[in-house]
Amino acid sequence: MSTHVEATGVVKRFGPTTALNGARIAIAEGETHALVGRNGAGKSTLVSILTGLQRPDEGEVRFAGRPAPALADRDAWRRLVACVYQKSTIIPALTVAENLFLNRQSARGATINWRALRAKARDLLDTYEVDVDARALAGDLSVEQRQLVEIARALSFGARFIILDEPTARLDGPAIERLFTRMQSLREQGVTMMYISHHLDEVYEICQSVTVFRDARHVTTRPVADLPHDELVAAMTGEATAAYEAREHTPGERVVLRGAGLSLAGRYTAVDLTVREGEVVGLAGSASSGKVGLAETLVGLRRPDTGHVEVNGVRVRPGDVPAALRAGLGFVPEDRHHEGFVPLLSVGENATFPIARKLGRYGVVSPARRRAKAGELIAALDIKTEGPDQPVGDLSGGNAQKVVFARALVDDPTVLVVINPTAGVDVKAKQALLGAVEDAVERGAGAVVVSDELDDLRICDRVLVMFHGRVVKDVPRGWTDHELVAVMEGMEE
Amino acid sequence: MTTLTAPAPRVRLARFRDLTLVPVIVLLLVVGAILDPTFLTAGNLTNVLQQQSAISLLVLAEAMILIAGKFDLSLESTVGTAPAIAVMLVVPAAAGGFGIGLPGALVIPLALLIGAAIGAFNGFLIIRFQLSAFIVTLAMLIIVHGFLQGPTEGKTLFELPDSILYLGSAIWLGLPAAIWIAGALFAAGIFGLGYLRLGRSLYAIGGNIDAARAAGIRVDRILYGAFILGGTLAALAGILETGRLGAIGNNQGVGWIFMVFAAAVIGGVSMDGGKGTILGALTGVLVIGLVQNILTLIGVSGFWQPVIYGSIILIALMISRIAGGKAQD
Amino acid sequence: MTTLTAPAPRVRLARFRDLTLVPVIVLLLVVGAILDPTFLTAGNLTNVLQQQSAISLLVLAEAMILIAGKFDLSLESTVGTAPAIAVMLVVPAAAGGFGIGLPGALVIPLALLIGAAIGAFNGFLIIRFQLSAFIVTLAMLIIVHGFLQGPTEGKTLFELPDSILYLGSAIWLGLPAAIWIAGALFAAGIFGLGYLRLGRSLYAIGGNIDAARAAGIRVDRILYGAFILGGTLAALAGILETGRLGAIGNNQGVGWIFMVFAAAVIGGVSMDGGKGTILGALTGVLVIGLVQNILTLIGVSGFWQPVIYGSIILIALMISRIAGGKAQD
Amino acid sequence: GSGTTTAGGGGGGKVGIDHPRADSDFWNSYIKYVPQMAGELKVDLMPATNSQNDVAKLVNNVQALTGQGAKVIVMAPQDTGAIANTLQQLENKKIPVVTVDTRPDKGKVYMVVRADNRAYGTKACEFLGEKLGGKGKVVQLQGALSSINGRDRSEAFLECMKTKFPGITVFSEPTEWEGSKAASMLQTRLEQNPDVKGIYMHAGGVHLAPTLQVLKQKGLLVPPEDPKHVFVISNDGIPQEFEAIRKGDIDATVSQPADLYARYALFYAKAAADGKTFKPGPTDHDSTIIQLPNGLEDQLPAPLVTKENVDDQALWGNQVK
Ligand SMILES: Nc1ncnc2c1ncn2[C@@H]1O[C@H](COP(=O)(O)OP(=O)(O)OP(=O)(O)O)[C@@H](O)[C@H]1O
Ligand SMILES: Nc1ncnc2c1ncn2[C@@H]1O[C@H](COP(=O)(O)OP(=O)(O)OP(=O)(O)O)[C@@H](O)[C@H]1O
Ligand SMILES: [Mg+2]
Ligand SMILES: [Mg+2]
């Protein structure tokens, strides 16, 4: 088998940060090649270099033995490689159809036939079983639907090399399955793929070989079959790491979070929910189940049509985040870019906004105390950053997620609501984040974990499964994957 | 797999969003007709269109640039400076020219070229040096106007070659040529931004410049094009205005830019880029033109006119907000 | 961790980014001193500071509003209208007043209150109705100026109560009071936006309004506060200017807003929100003031003055871009 | 001819009037005189329009006025070139035009009613030149250089200084009719040249208060006898200037006759509507009509007001209430 894509000696610096330091990768023709590494290891940076968005400071990229085209020649790059980037490349103000066929709406110079374009888009969406209206504005889609549109677009180019940078971080089980089926058939057609994910079991499921990056360098490249799970994790983290063990909790009697008679048109109907101190409650459900909408209502991001929310016995004004926070809530929103952090502000400021009033008197925020507090959080959550003063916008995706987590935990909340808490977070960090939730619960807090990932739900004492906007089942600890998925898919009442 | 949102009505709404000002226009037509019998005559409405034709070209240019996520304040200065410099290159020194004496037939191409050059220079500073478009074009507004005031020493140019007067004063098929020209350019704009890949890429650039770049759109080249086309349209607006007024005063175009923005934004073009249509911008121009005309006809006191005028802009803005259903930015 | 480089240099760089215009200021001081011996005298530099004190308050207000991701054009109209209406509430009808005859001591509080009210109304339209801040405040610029022109019928108010003249003309400890006032307010602004919870939340709001909301910041309340404070500062600027000029003309403040934006942006404040500092904005004001002073001293021809002036803004912008190292927006 | 009312009882037809701007004291006085004079002269006046110093608006307004049936147009085009086309169109429609304050460069006018702006500049120059004894430094606070009046005053002042008083250095400050700019520029100039002894202000309405404020701050607001006195001559003739002359703060002003502008603009408008014609030569109101290539011009007197004649009740500035 010949080498389809090869990068050697790649160095890329961003100011004082070295994102890639002599890294290399070689991907054989027709294989699906995994690239794994901890958050900030330089994976996405390599993607931007392999797709011609950025020029490496040093090193070389070759496609089928030929040097890569000039950076300005975007058409040549697009013929060579298609990509699902980690950062969204959807244009919210345009329709789904136009996003799918951006810059190829028509033949060069020809008039766009919108009707035909929509039909083509519908075909494409059908092929990939993406259930969105081609005419809808992309900005109105859910995070997940947007991701599906991006995937459909990347796969539709007919490129012989496709890169997928954490495509599944925002997808639920069935969507992931569909994606894998699709990738399988592409591979059968001889398409080469590079696949990035923090779900290592996915790597074993669909990839033939794997490259591990650590601290901006290449560590190893091996067939997946030769690399057991433990060794893979050890290669990524540089040390042996045991699998995460969920702990036992002893829920108390006090109810810390209550939702009573909550309904929101189009999202969920007649939901009652109580969380006691020391208890972790999961919220699960497949696409459009309404779980995210419900969780956002609990934290005050949405105002329900009916019903109310109590935090620590205090009835919180609906749709009022500050009131919920003051009542003792901490939360991690679904989309970190949207509601999670202010990119230009530092790690320290982003993490400490909810406790700013405690960092000094008379409305003054003491930078020294802020830095000290942020330092603690950085250490506790193992955030890879130059320090509390680095802007969050410069962090890698997973590390930015940890900053959002830090913000949720900073005020020692007695109620924690986390939505897809480990999206895009590496194995070790995932353990740190789930551990942080459990620590808080052991201190007497109650937690709600909303997630598409079964691993996250394993720490829950019970899982509420939603289907079409209703809570259909309360599943106690001890479920198997198969059971829970069956309930989520509505196959079992 | 059930998507709970009903997509169909949403899309239909989106299409009508271009036309949120149509009720306002109808209202203005009714109010105008009630307030003054002259208002609804063909003559008066033709006047309104003719009066708006020059400024409408600026709105067209600005809408395009705004959709691409940029900004150009200097257009208003180009309206005076481009035709003036072109004229001065052509007319003898006695008539206020430079005494170079290029042939009179060149005056329109020269003016358009000067407009294009100003646009290119703006683009150069903004794209190449990544400077703030607002401040670059603000400085250019001052500088370009200085290039009218400096060589003319503040004087009006009124001995103009016939060629530059023609377009702004001719009548074609019973309507002023300026109306035909503006109409044709708007039609081209609506078509170009609606049905050409080049036009659509302006939306992509304004909506998410990184995504546009990743999709293979030649962002820099297209932005240059937008600035150059914008400058050229502003020069053409200047030519039409020159023909309408018969001379080039030192204040030609000065103060237009605020109205241009107001027209574009109440017409649904976002200041943040990526949103709005040329048709919407056109309705914005019409609203502004009709309001001005009605205020003139009913003869509101000059002292209070600004208050009424500003209030009407606010009301139009609210209507466009309510009908459009989306927060503006 | 190989990527862990020492954090210290980065922070230091970031801190210096506020001061990218300092070399420009030094250059202007040197050039000025060479061109004219009067330039570097204490008297002249004091004059520059006094001349800039009123407009600097507008820059302070605008910088704050820009950092919060919003926009206020109407500040320039408040500069004239707030003190004028306050004066008219106080002076007798014979002196151009409304004949209400409130006590003269109230004139300053009244002016500040009017400024605050204008800011609150802007905030109401922008925050409550989610209208485009640019166009709302553009319409308000026109309307507020109409509220100066309407009641005065375009006349200058010459007979003013002493209280409103005091601040703009008094000398405290050998320096004009206006300089002390502007200095104190800038110091407060630098401290407030750097170290107060409220000030920091302006950055959060401007940087990502949804994240700010999710972090528990009372976004709407703080934005209202920014607009109200902005209007109040503009009214105070009007009071200082009134004292300096000894009368309130119909043009007071008109045309300032462009210079205000230029000063803020060359001083490093982003038009996109969330970026920049008050100290940076202050250096922007100083650059503009020194340029104006030097141009006056060397007596450049009035006709070409705009060209030179605009070019200097462009050059300052480039220096601030190169020294700052980041693309502007 | 003396064929008075020819048409029906309507008094000759409607007069449309456009005001140039509403943001200066002079024009405001003019605007207030207009309805008063219309009453006195029994002119059938349509509601006035205002072109806010924008010739494009003026053109639009004139179109609207003729559309509404104006038989005569009174206007004050601040841009005298760009109105040519409009005048041509009005001539085609046989609508006579009276212009106030400015003389169009091209296009037919029935009558231009104005005081000579160049004469203002010359008068100011002569006054200052004599007071300074032909030597020293003076500052001229210019209006906007893009306005014909500002330019006329400025050019005439400079020309006169050059020819009659070559020993005087003139500093010209372009203030764009803004008080703020005037104050800053004057302050800077006085810092640089503390020996400036004369100031010519193009517009009392906007320049008066700032100038006095700067002089006061510099301790230069002293009586004419004092050697530190700076001679100040203004332009406009508004009541506040008279007040300042009485107090000795400034020395003179050129009174621009706002009342006469309004009166004779309407007088000639009515005459035009009635079909009367005029010939060059002296008139019955202390003025002269001169022949222009494109019409006639009645050059109204613009008296120099000093301490001696400041209380003359005939001055319009003394009649404003
Ligand atoms: N534009 C940038 N400016 C500054 N630093 C950057 C930039 N992009 C990436 N970095 C830095 O480069 C390093 C590598 O980032 P990269 O995004 O490649 O990591 P990753 O392996 O994709 O991580 P994740 O798994 O979290 O997505 C990080 O330390 C990050 O902070
Ligand atoms: N901004 C929006 N406007 C209208 N409908 C929306 C919006 N966001 C989401 N929806 C729709 O509301 C329904 C419920 O969404 P919600 O996010 O609560 O469910 P979910 O279980 O989290 O779904 P997913 O797993 O796909 O995110 C879905 O059909 C979704 O498409
Ligand atoms: Mg990544
Ligand atoms: Mg979801």
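Order-wise, the sequence lines are chains R, Z, L and W. The opening residue of the first sequence carries number -7 in our numbering; numbering runs sequentially from there. The opening residue of the second sequence carries number 62 in our numbering; numbering runs sequentially from there. The opening residue of the third sequence carries number 62 in our numbering; numbering runs sequentially from there. The opening residue of the fourth sequence carries number 406 in our numbering; numbering runs sequentially from there. Cβ atoms here follow ideal geometry from the backbone N, Cα and C, with glycine treated the same way.
Quiz item: Looking at chain Z, which residues of the stretch 195 to 209 of chain L have a Cβ within less than 9 Å of any of its Cβ atoms?
Solution: Result list: 195, 196, 197, 199, 200, 201, 202, 203, 204, 205, 206, 207 and 208.
Quiz item: If you draw a straight line from the C-alpha of residue -4(R) to the C-alpha of residue 24(R), how long is it?
Solution: To locate residue -4(R), count along the first sequence from 1; it is residue 4. To locate residue 24(R), count along the first sequence from 1; it is residue 32. Taking the straight line joining both Cα atoms gives about 11 Å.
Exercise. Determine which residues share a DSSP beta bridge with residue 157(R) and list them.
Key: Against the first sequence, residue 157(R) aligns to sequence position 165. According to DSSP, residue 157(R) bridges with 188(R).
Quiz item: Where DSSP assigns a beta bridge to residue 576(W), which residues make up the other side?
Solution: Numbered from 1 along the fourth sequence, position 171 holds the residue referred to as residue 576(W). Residue 576(W) pairs with 544(W).
Quiz item: Does the Cβ of residue 389(R) lie closer than 7 Å to at least one heavy atom of ligand 3?
Solution: Taking the first sequence and counting its residues from 1, one reaches residue 389(R) at position 397. Indeed, a heavy atom of ligand 3 lies less than 7 Å from the Cβ.
Quiz item: Just to confirm, are residue 124(Z) and residue 218(Z) a CB contact at a threshold of 8 Å?
Solution: Within the second sequence, residue 124(Z) is the residue found at index 63, counting from 1. Within the second sequence, residue 218(Z) is the residue found at index 157, counting from 1. For residue 124(Z) and residue 218(Z), no; Cβs fall outside 8 Å.
Quiz item: Mapping DSSP to helix, strand and coil, what is residue 358(R)?
Solution: Start at 1 with the first residue of the first sequence, and residue 358(R) comes out as number 366. Three-state DSSP puts residue 358(R) in coil, outside helix and strand.
Quiz prompt | Exposed unless 16 or more other CB atoms sit within 10 angstroms - verdict on residue 607(W) | solution = As a first step, residue 607(W) is located in the fourth sequence; it is residue number 202 there, counting from the start. Buried, because 16 or more other Cβ atoms sit within 10 Å of the Cβ of residue 607(W).
Quiz prompt | Strand pairing of residue 466(R), partner residues [DSSP] | solution = Along the first sequence, one-based indexing puts residue 466(R) at 474. Answer by DSSP bridge pairing, in chain order: 456(R).
Exercise. Return no unless some Cβ of chain Z is closer than 8 Å to the Cβ of residue 541(W).
Key: Translated into positions along the fourth sequence, residue 541(W) becomes position 136. Any Cβ of chain Z closer than 8 Å to the Cβ of residue 541(W) would place that residue at the interface, and such an atom is absent.
Quiz item: Can you name the residues of chain W whose CB is closer than 7 Å to the CB of residue 347(L)?
Solution: As a first step, residue 347(L) must be located in the third sequence, where it is residue number 286. Chain W residues near residue 347(L): none, gap ~15 Å exceeds 7 Å.
Quiz item: Would you call the CB atoms of residue 335(Z) and residue 157(Z) closer than 8 Å?
Solution: For the purposes of this step, residue 335(Z) is taken as the residue at position 274 of the second sequence. For the purposes of this step, residue 157(Z) is taken as the residue at position 96 of the second sequence. Not closer than 8 Å, so no.
Quiz item: Per DSSP, what kind of secondary structure is residue 410(W) in: helix, strand or coil?
Solution: Taking the first residue of the fourth sequence as 1, we reach residue 410(W) at position 5. Its pLDDT being 34, under 50, residue 410(W) is placed unreliably in this model, and the value from its coordinates should be taken loosely. Note: residue 410(W) maps to coil in three-state DSSP.
Self-check item: Any non-hydrogen atom of ligand 3 closer than 7 Å to residue 420(R) Cβ
Solution: Your numbering for residue 420(R) matches position 428 in the first sequence. With a cutoff of 7 Å, residue 420(R) does not count as near ligand 3, since its C-beta is closer than that to no heavy atom of the ligand.
Quiz item: Which term fits residue 305(L), buried or exposed, when burial requires 16 or more other beta carbons within 10 angstroms of its beta carbon?
Solution: Sequence index remark: in the third sequence, residue 305(L) carries index 244 (1-based). Residue 305(L) is buried by the Cβ-count criterion.
Quiz item: Taking 7 Å as the line, does the beta carbon of residue 489(R) fall inside it for any heavy atom of ligand 3?
Solution: Residue 489(R) cannot be examined here, being either before or after the span of chain R that is shown, -7 to 485.
Quiz item: Does the pairing of the stretch 112 to 124 of chain Z with the stretch 236 to 249 of chain Z give three or more beta-carbon distances under 8 Å?
Solution: Counting Cβ pairs under 8 Å, three or more are found: they touch.
Quiz item: Under three-state DSSP, which class holds residue 311(Z)?
Solution: Looking up residue 311(Z) in the second sequence gives position 250. Residue 311(Z) falls in the coil class under three-state DSSP.
Exercise. Could you check the C-alpha separation between residue 250(Z) and residue 128(Z) for me, to the nearest Å?
Key: As a first step, residue 250(Z) must be located in the second sequence, where it is residue number 189. As a first step, residue 128(Z) must be located in the second sequence, where it is residue number 67. The C-alpha of residue 128(Z) is placed about 12 Å away from the C-alpha of residue 250(Z).
Quiz item: How close, in whole Å, do the beta carbons of residue 603(W) and residue 643(W) come, if the pair is a contact with beta carbons under 8 Å?
Solution: Working through the fourth sequence from its first residue, we reach residue 603(W) at position 198. Working through the fourth sequence from its first residue, we reach residue 643(W) at position 238. A Cβ-Cβ separation of about 21 Å leaves residue 603(W) out of contact with residue 643(W) under the 8 Å criterion.
Exercise. May I have the straight-line CA-CA distance separating residue 295(Z) from residue 313(Z), to the nearest angstrom?
Key: Counted from its first residue, the second sequence places residue 295(Z) at position 234. Counted from its first residue, the second sequence places residue 313(Z) at position 252. When rounded, the distance between both Cα atoms is 12 Å.
Practice problem: Assuming residue 200(L) contacts residue 187(Z) (C-beta within less than 8 Å), just tell me the rounded distance between them. | Solution: In the third sequence, counting from the first residue as 1, residue 200(L) sits at position 139. In the second sequence, counting from the first residue as 1, residue 187(Z) sits at position 126. Residue 200(L) to residue 187(Z), Cβ: 27 Å. No contact.
Self-check item: Pairwise C-alpha distance: residue 657(W) and residue 173(L)
Solution: Counting from one through the third sequence, the residue named residue 173(L) turns up at place 112. Counting from one through the fourth sequence, the residue named residue 657(W) turns up at place 252. Just so you know, the alpha carbons of residue 173(L) and residue 657(W) end up roughly 37 Å apart.
Self-check item: Nearest-angstrom Cα separation, counted from residue 92(R) out to residue 193(L)
Solution: Indexing the third sequence from 1 puts residue 193(L) at position 132. Indexing the first sequence from 1 puts residue 92(R) at position 100. Roughly 30 Å between the two C-alpha positions.
Practice problem: Go through its chain and collect everything with a Cβ distance to residue 99(L)'s Cβ below 7 Å, but skip five positions before and after it. | Solution: One-based indexing of the third sequence puts residue 99(L) at position 38. Excluding its 5 nearest sequence neighbours in each direction, residue 99(L) has C-beta neighbours in its own chain below 7 Å: 105 and 358, listed in chain order.
Quiz prompt | Listed by chain order, chain R residues near residue 268(L) by CB distance under 7 Å | solution = In the third sequence, residue 268(L) corresponds to position 207, counting from 1. By Cβ distance, chain R contributes 334, 335, 336 and 337.
Quiz item: Taking 8 Å as the CB-CB cut-off, is residue 647(W) touching chain L?
Solution: For the purposes of this step, residue 647(W) is taken as residue 242 along the fourth sequence, with counting starting at 1. Chain L contact via Cβ: absent.
Self-check item: Residues of the stretch 432 to 459 of chain W with Cβ closer than 9 Å to any Cβ of chain Z, in chain order
Solution: Result list: 433, 436, 451, 452, 453, 454, 455, 456, 457, 458 and 459.
Quiz item: Between residue 427(W) and the rest of its own chain, which residues show a CB-CB distance below 8 Å, the 5 nearest in sequence each way excluded?
Solution: In the fourth sequence, the residue the question calls residue 427(W) occupies position 22. Here residue 427(W) has 433, 436, 455 and 457 as same chain residues with Cβ atoms under 8 Å from its own Cβ, once five neighbours each way along the sequence are excluded.
Self-check item: Sequence-distant residues of its chain with Cβ nearer than 6 Å to residue 379(R) (five each side left out)
Solution: Counting from 1 along the first sequence, the entry for residue 379(R) is found at position 387. Nothing meets the Cβ criterion.
Quiz item: chain L beta carbons: is any one of them nearer than 8 Å to that of residue 322(Z)?
Solution: The residue given as residue 322(Z) occupies position 261 in the second sequence. Closer than 8 Å: yes.
Quiz item: For residue 112(L), which residues in chain W fall below 9 Å Cβ to Cβ?
Solution: In the third sequence, counting from the first residue as 1, residue 112(L) sits at position 51. Neighbours of residue 112(L) across chain W, judged by C-beta separation under 9 Å: 585, 588, 589, 592 and 593.
Exercise. Kindly indicate which three-state DSSP category residue 241(Z) falls into: helix, strand or coil?
Key: One-based indexing of the second sequence puts residue 241(Z) at position 180. Looking at residue 241(Z) - three-state DSSP - the assignment turns out to be helix.
Quiz prompt | Per-residue burial, residue 394(L) [other beta carbons within 10 Å of its own, 16 or more giving buried] | solution = Outside the displayed range of chain L (62 to 390) lies residue 394(L), so it cannot be described from this structure.
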